[in-house]
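Engineer: Protein chains in written order, with full-length UniProt numbering: chain L, 1 to 316; chain Y, 1 to 316.
Protein chains: 2
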Amino acid sequence: MNKKNLTLKDIAALSGVGKSTVSLVINKSPRVKTATRERVEAVIREYGYTPSLTARALRAQREKIIGIIMTRLDSAAENRAIRAILAEAYQAGYDAILQESMLDPRRLEEHLHVLESRRVEGVILFGFSGMDDVDLTPWQHRLVLIARQRPGFASVTYDDSGAVDLLMARLHASGRRNVSFIGVDEQDHTTGRARYQAYLAGCKRYGFSGAARLGDLSYQSGFTLAETLLDQESEALICATDTLALGALKSIQARGLQVDVSSIGSTPLLAFLHPEVTSVRLGFAKAGLRALHMLLEMQHDKAAGGQLVLPCSLED
Amino acid sequence: MNKKNLTLKDIAALSGVGKSTVSLVINKSPRVKTATRERVEAVIREYGYTPSLTARALRAQREKIIGIIMTRLDSAAENRAIRAILAEAYQAGYDAILQESMLDPRRLEEHLHVLESRRVEGVILFGFSGMDDVDLTPWQHRLVLIARQRPGFASVTYDDSGAVDLLMARLHASGRRNVSFIGVDEQDHTTGRARYQAYLAGCKRYGFSGAARLGDLSYQSGFTLAETLLDQESEALICATDTLALGALKSIQARGLQVDVSSIGSTPLLAFLHPEVTSVRLGFAKAGLRALHMLLEMQHDKAAGGQLVLPCSLED
DNA sequence: CTGTTAGCGCGTTCAC
DNA sequence: GTGAACGCGCTAACAG
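1. What does Y:Leu73 touch in chain L if you count any residue whose Cβ is under 9 angstroms from its own?
2. Terminal residues of the continuous beta strand (DSSP E) containing Y:Phe181?
3. Could you give the DSSP three-state label for Y:Phe126: helix, strand or coil?
4. Taking Y:Ala60 as part of the alpha helix (DSSP H), name the residues at either end of that continuous run.
5. Can you give the beta carbon distance from Y:Ile44 to Y:Ala291, rounded, assuming they're within the 8 angstroms contact cut?
6. Using a Cβ cut-off of 9 angstroms, pull out every chain L residue sitting near Y:Leu136, in sequence order please.
7. For the alpha helix (DSSP H) that contains Y:Val25, what are its first and last residues?
8. Compute the beta-carbon to beta-carbon distance between Y:Thr123 and Y:Ile66, rounded to the nearest angstrom, for a pair I have assumed lies under 8 angstroms.
9. Would a C-beta distance cut-off of 8 angstroms place L:Ala154 and L:Gly127 closer than the cut-off?
10. Whose Cβ in chain Y lies nearer than 9 angstroms to the Cβ of L:Ser52?
11. When you compare only the Cα positions, how much space is there between L:Gly183 and L:Met168?
12. Please list, in chain order, all residues of the same chain as L:Ala304 whose beta carbon is under 8 angstroms from its beta carbon, the five residues on each side excluded.
13. Excluding sequence positions up to five away, which residues of its chain have a Cβ less than 7 angstroms from the Cβ of L:Leu103?
14. Leaving out the 5 sequence neighbours to the left and right, which residues in its chain are closer than 7 angstroms to Y:Pro51 when beta-carbon positions are compared?
15. Could you pull the DSSP bridge partners for Y:Glu100 from this structure?
16. With a threshold of 7 angstroms on Cβ separation, who are the neighbours of L:Ala77 within its own chain once the five nearest residues in sequence on each side are excluded?
17. Tell me the rounded alpha-carbon separation between L:Gly162 and L:Val120.
18. Residue range of the beta strand (DSSP E) that L:Thr228 falls in?
19. From L:Gln197 to L:Ala212, what does the alpha carbon distance come to, in whole angstroms?
20. Whose CA, out of L:His274, L:Arg255, L:Leu115, lies closest to the CA of L:Thr243?
21. Under three-state DSSP, which class holds Y:Ala201?
22. What is the DSSP secondary structure of L:Val49, reduced to helix, strand or coil?
23. So with Cβ pairs under 8 angstroms, would you call L:Ile69 a contact of chain Y?
24. Flag L:Asp95 as yes if its beta-carbon sits less than 8 angstroms from any beta-carbon of chain Y, otherwise no.
25. Taking Cβ positions only, does Y:Val164 come closer than 8 angstroms to chain L?
26. With respect to the alpha helix (DSSP H) encompassing Y:Tyr90, which residues constitute its N-terminal and C-terminal limits?
27. Output yes or no for whether 8 angstroms exceeds the beta carbon distance between L:Gln220 and Y:Phe272.
28. Give me the residue from Y:Ser209, Y:Leu314, Y:Ser263, Y:Leu214 with the minimum Cα distance to Y:Glu235.
29. Would you say L:Ala254 reaches chain Y, if we count a Cβ-Cβ gap shorter than 8 angstroms as a contact?
30. Could you pull out every unbroken beta strand (DSSP E) segment of at least 3 residues lying fully inside the segment 231-257 of chain Y, listed in chain order?
31. Report buried or exposed for Y:Asp260, applying the criterion of at least 16 other Cβ atoms within 10 angstroms of its Cβ.
32. Check whether chain Y comes within 8 angstroms of L:Tyr49, counting only Cβ atoms and requiring the distance to be less than that.
33. Which value, in whole angstroms, describes the spacing of the CA atoms of L:Lys302 and L:His141?
34. DSSP has Y:Ile146 in a bridge; who is on the other side?
35. L:Gln299 lies in the alpha helix (DSSP H); which residues open and close that run?
36. Under 7 angstroms Cβ to Cβ from Y:Glu41, same chain only, skipping five residues before and after it: list those, please.
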């Protein structure tokens with residue numbers, strides 16, 4: 001009853017041919033007589049045989065698997081990137097092993113080790129601040145970083161300062177003078193420092209007044225910071241992420257303030273709850289796609305890769 | 001330079017012993033002289049050798065991999081379950097291949113086929129309405145369904161009607177008489193029909209008046225339905241999911257209605273944005289955990305499994 | 001041109 | 001502590 005997994009050899013016996021003939025049939029080699037092919041195919045269908053990718057991988061010295069290490073499963077941004085990656089990888093015949101680093105370098109190391117054991121062909125790694133000490137050298141030519149750069153490594157990054165610039169320019173154009181900012185601690189080099197510094201630079205350039213507060217990535221943080229940062233005088237607020245914006249907007253709404261809020265991420269949820277908010281699209285899905293493409297190219301050409309900075313945009 | 005993957009054989013040669021000795025060392029067999037063991041271990045460390053799980057799996061006839069097929073990567077509920085599963089699976093030495101069905105039975109079939117090729121040990125499948133025609137027989141003893149039952153299959157389901165009952169009882173206790181409902185089309189048997197029917201039954205039991213509207217799972221739908229369903233007279237509203245509640249609350253807030261809203265899911269986001277809302281915890285994380293445990297037990301004991309219905313709760 | 005035999009890839013296991 | 005067989009599919013070389 002428990003139809004134990006059939007093997008190529010079994011199929012060969014059942015259809016009265018040699019192992020290799022079955023293999024040829026499976027791999028659609030034209031060098032098999034049609035009659036034979038059909039007989040073998042019939043047997044395969046009848047017994048529901050599926051060749052073992054494990055054996056194939058062993059033989060081919062090549063697992064068609066990639067590892068994806070995200071920081072957090074519930075990051076909306078990474079989610080969108082992953083979705084694009086999974087779909088595309090699937091098309092290319094790859095499967096993905098998913099892991100979560102939880103921003104913990106130790107966990108990252110462990111995960112990389114597992115992926116090494118599995119002989120995955122490549123890794124897509126969502127970078128985070130604490131990972132700078134992790135040695136990625138063994139992966140140099142089969143790893144693509146997302147959201148973070150490292151010399152000598154392929155990467156796809158978002159245009160953090162460009163995104164802030166877009167928002168600042170827009171506020172300048174609409175005549176704002178007072179522009180505040182809610183962001184993330186500068187220990188986070190991208191979402192944190194880069195966006196904050198871009199804000200500071202923009203203030204100088206456009207002559208904006210306004211204050212800034214930095215916290216963590218949670219909406220709670222957005223709320224708390226907004227509470228102390230904003231008052232009746234506040235004209236405009238830029239949030240480093242949509243999540244922060246969601247928190248800040250709660251405070252704004254509760255106090256009935258009139259503030260022009262804009263943020264970065266362009267999450268569907270934010271667009272739904274607060275359509276009046278301008279949010280920059282960083283291109284998460286595209287980032288995932290490009291990262292995967294890079295990775296696949298790097299298989300064939302070690303020189304491929306490079307550091308791609310994705311353009312951001314305001315349009316829908 | 002390209003330190004190609006070393007094999008057990010290489011290590012054996014480098015340390016001047018036989019393949020099997022290296023294998024014994026790796027597997028911590030006590031039958032190796034300490035001196036030899038240390039020499040081999042030194043070589044392994046020096047060259048950074050990692051045994052191939054692929055080869056091991058082929059030999060052992062057993063891949064320590066499970067497949068997880070979720071409906072949508074961005075489902076907060078599934079996300080929480082997955083997170084629990086990944087962490088626990090990792091502890092047990094398993095890795096997970098993740099796939100997204102997008103509620104499409106065809107995609108589900110394809111994914112199962114891939115998992116079959118990979119010879120995964122088991123599958124955790126997040127059920128959905130359109131999947132009834134998909135033949136799961138070959139997976140009968142190595143698959144656990146979540147959020148959906150099927151005769152003869154192991155499953156972990158949420159207590160849909162129990163959750164609604166909790167909310168209805170609470171409203172009854174606080175003296176409500178007019179209770180409306182926003183749900184999901186009955187084609188969805190669990191989130192849709194079960195919760196809706198529980199609402200109808202509750203109305204009869206407690207003598208509630210109130211109307212209901214069904215739509216899809218989006219917050220847009222929640223909003224739209226609330227717009228037509230609620231008015232100044234509305235006392236209380238039950239939403240089949242937190243997402244719907246989020247949509248409905250937007251309408252409620254915009255119109256300044258006073259409605260006691262409750263829902264099912266207990267998402268952190270909802271708790272943050274609308275702490276006044278009562279939301280039932282269905283136990284997503286626990287569901288994931290239990291599903292994984294079932295699956296692992298089923299490896300050893302075909303008879304394990306069964307249909308577990310998770311209790312829901314109101315407390316934090 | 002069609003199909004078979006043999007050996008590989010890599011870690012495990014068992015008899016010697 | 002070791003060689004050899006094994007698990008499964010691929011493929012070069014070879015026979016009909």
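For every residue, glycine included, the Cβ atom is placed at its ideal position computed from N, Cα and C. These numbers come from a predicted model, not from an experiment.
Structural biologist: The relevant details are as follows:
1. Translated into positions along the second sequence, residue 73 of chain Y becomes position 73. Here the neighbours are Leu73, Asn79, Arg80, Ile82, Arg83, Leu86.
2. Numbered from 1 along the second sequence, position 181 holds the residue referred to as residue 181 of chain Y. Looking at the DSSP string, the run of the beta strand (DSSP E) that includes Y:Phe181 is 179-184.
3. In the second sequence, counting from the first residue as 1, residue 126 of chain Y sits at position 126. Strand, per DSSP.
4. By 1-based counting over the second sequence, the position of residue 60 of chain Y is 60. Unbroken alpha helix (DSSP H) run through Y:Ala60: 53-60.
5. Indexing the second sequence from 1 puts residue 44 of chain Y at position 44. Indexing the second sequence from 1 puts residue 291 of chain Y at position 291. Not a contact, Cβ separation roughly 37 angstroms.
6. What you label residue 136 of chain Y is simply residue 136 of the second sequence in a count that begins at 1. Those do not exist, as Y:Leu136 stays about 13 angstroms from chain L at its closest Cβ, beyond 9 angstroms.
7. Position 25 of the second sequence, counted from the first residue, corresponds to residue 25 of chain Y. Unbroken alpha helix (DSSP H) run through Y:Val25: 19-26.
8. Here residue 123 of chain Y refers to the residue found at position 123 of the second sequence. Here residue 66 of chain Y refers to the residue found at position 66 of the second sequence. A small correction: the amino acid at residue 123 of chain Y is Val; Thr does not occupy that position in the sequence shown. About 7 angstroms; that satisfies the 8 angstroms criterion.
9. Within the first sequence, numbered from 1, the residue matching residue 154 of chain L stands at position 154. Within the first sequence, numbered from 1, the residue matching residue 127 of chain L stands at position 127. Their beta carbons are not under 8 angstroms apart, which means L:Ala154 does not touch L:Gly127 by this criterion.
10. Your numbering for residue 52 of chain L matches position 52 in the first sequence. Here the neighbours are Leu58, Ser117, Arg118, Arg119.
11. The sequence position of residue 183 of chain L within the first sequence is 183, counting from 1. The sequence position of residue 168 of chain L within the first sequence is 168, counting from 1. Each residue's alpha carbon lies about 15 angstroms from the other.
12. By 1-based counting over the first sequence, the position of residue 304 of chain L is 304. So the list reads Ala154, Met294, Glu297, Met298, once near-sequence residues are dropped.
13. For the purposes of this step, residue 103 of chain L is taken as the residue at position 103 of the first sequence. Excluding positions up to five away in sequence, the list reads Thr71, Phe128, Gly130.
14. Start at 1 with the first residue of the second sequence, and residue 51 of chain Y comes out as number 51. Correct list, in chain order: Leu8, Ile26.
15. Reading the second sequence from its first residue, position 100 is the one you call residue 100 of chain Y. BP columns for Y:Glu100 point to Y:Met70.
16. Locating residue 77 of chain L in the first sequence gives position 77, where the first residue counts as 1. These residues qualify, in order along the chain: Gly265, Phe284.
17. Taking the first residue of the first sequence as 1, we reach residue 162 of chain L at position 162. Taking the first residue of the first sequence as 1, we reach residue 120 of chain L at position 120. Answer to the nearest angstrom: the Cα atoms are 35 angstroms apart.
18. Residue 228 of chain L sits at position 228 when you count from the first residue of the first sequence. Taken as a continuous stretch (DSSP letters only), L:Thr228 belongs to no beta strand (DSSP E), being part of the alpha helix (DSSP H) at 219-229.
19. Within the first sequence, the letter at position 197 stands for residue 197 of chain L. Within the first sequence, the letter at position 212 stands for residue 212 of chain L. Taking the straight line from one Cα to the other gives about 11 angstroms.
20. Numbered from 1 along the first sequence, position 243 holds the residue referred to as residue 243 of chain L. Of the listed residues, the one whose Cα sits closest to L:Thr243 is L:His274.
21. Residue numbering aside, residue 201 of chain Y sits at position 201 when the second sequence is read from its first letter. In the structure shown, Y:Ala201 sits in a helix (DSSP, three-state: H, G or I).
22. Position 49 of the first sequence, counted from the first residue, corresponds to residue 49 of chain L. Rather than Val, the amino acid found at residue 49 of chain L in this sequence is Tyr. Three-state result, L:Tyr49: coil.
23. Sequence index remark: in the first sequence, residue 69 of chain L carries index 69 (1-based). No - not a single Cβ of chain Y is within 8 angstroms of the one on L:Ile69.
24. What you label residue 95 of chain L is simply residue 95 of the first sequence in a count that begins at 1. Answer yes: the Cβ-Cβ gap between L:Asp95 and chain Y drops below 8 angstroms somewhere.
25. Counted from its first residue, the second sequence places residue 164 of chain Y at position 164. Chain L, which has no Cβ nearer than 8 angstroms to the Cβ of Y:Val164, makes this no.
26. Sequence index remark: in the second sequence, residue 90 of chain Y carries index 90 (1-based). Segment 76-91, the alpha helix (DSSP H) holding Y:Tyr90.
27. For the purposes of this step, residue 220 of chain L is identified with residue 220 of the first sequence, where counting begins at 1. For the purposes of this step, residue 272 of chain Y is identified with residue 272 of the second sequence, where counting begins at 1. Yes, these two residues count as a Cβ contact at 8 angstroms.
28. By one-based count along the second sequence, residue 235 of chain Y stands at place 235. Nearest C-alpha to Y:Glu235: Y:Ser209.
29. Against the first sequence, residue 254 of chain L aligns to sequence position 254. With 8 angstroms as the cut-off, L:Ala254 does not count as an interface residue toward chain Y.
30. 236-239
31. Here residue 260 of chain Y refers to the residue found at position 260 when the second sequence is read from its first residue. Y:Asp260 is buried by the Cβ-count criterion.
32. Start at 1 with the first residue of the first sequence, and residue 49 of chain L comes out as number 49. L:Tyr49 does not count as touching chain Y.
33. Taking the first sequence and counting its residues from 1, one reaches residue 302 of chain L at position 302. Taking the first sequence and counting its residues from 1, one reaches residue 141 of chain L at position 141. Cα to Cα, the separation comes out at about 6 angstroms.
34. For the purposes of this step, residue 146 of chain Y is taken as the residue at position 146 of the second sequence. DSSP output for Y:Ile146 lists Y:Phe126, Y:Val156 as bridge partner(s).
35. One-based indexing of the first sequence puts residue 299 of chain L at position 299. Segment 284-300, the alpha helix (DSSP H) holding L:Gln299.
36. Taking the second sequence and counting its residues from 1, the one referred to as residue 41 of chain Y is at position 41. Excluding sequence neighbours, Y:Glu41 sits near Val25.
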